[in-house]
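One structure is given here, and the rest of the page talks about it.
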Amino acid sequence: MIGTIIVGFIVGLLARALHPGDDNIGWIWTILLGIAGSFVGGWIGQAAGWYQPGQAAGWVVSTIVAVVLLIVYYKIRGIKMGKK
Numbered sequence: 001m002i003g004t005i006i007v008g009f010i011v012g013l014l015a016r017a018l019h020p021g022d023d024n025i026g027w028i029w030t031i032l033l034g035i036a037g038s039f040v041g042g043w044i045g046q047a048a049g050w051y052q053p054g055q056a057a058g059w060v061v062s063t064i065v066a067v068v069l070l071i072v073y074y075k076i077r078g079i080k081m082g083k084k
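With the numbering used here, the residue at position 26 of the sequence shown is 26, and numbering never jumps.
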């Protein structure tokens, strides 16, 4: 469980760094976003046969999914995505 939170936090930070615009969602939302990205990205990547559990490609897919989730979150909340 603690490992999942740590991985989620790292993936969330990567997503915030890669996402265009200001990201004022806080640490808790960053961790939750990263965990969701890791779970969804892991499921998609493994179901598609792109990689096996524990491979580095999982980080890439998890981060991409977390960025997409961040964009969806901003669209739902009506937050504009501008330059940093």
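Built from N, CA and C at the ideal position, the CB exists for glycine as well.
Distance, I64 Cα to A57 Cα: Translated into positions along the sequence shown, residue 57 becomes position 57. Translated into positions along the sequence shown, residue 64 becomes position 64. Whole-angstrom Cα-Cα distance: 11 Å.
Assign Y74 to one of three DSSP states: helix, strand, or coil. Taking the first residue of the sequence shown as 1, we reach residue 74 at position 74. Three-state result, Y74: helix.
Under the three-state reduction of DSSP, which class applies to I2: helix, strand or coil? Taking the sequence shown and counting its residues from 1, the one referred to as residue 2 is at position 2. I2: helix per DSSP, three-state reduction.
Pick helix, strand or coil for Q46, following the three-state DSSP scheme. Along the sequence shown, one-based indexing puts residue 46 at 46. Helix.
Euclidean distance between Cα positions of I25 and L14: As a working note, residue 25 is residue 25 in the sequence shown. As a working note, residue 14 is residue 14 in the sequence shown. Using only the alpha carbons, I get a separation of about 14 Å.
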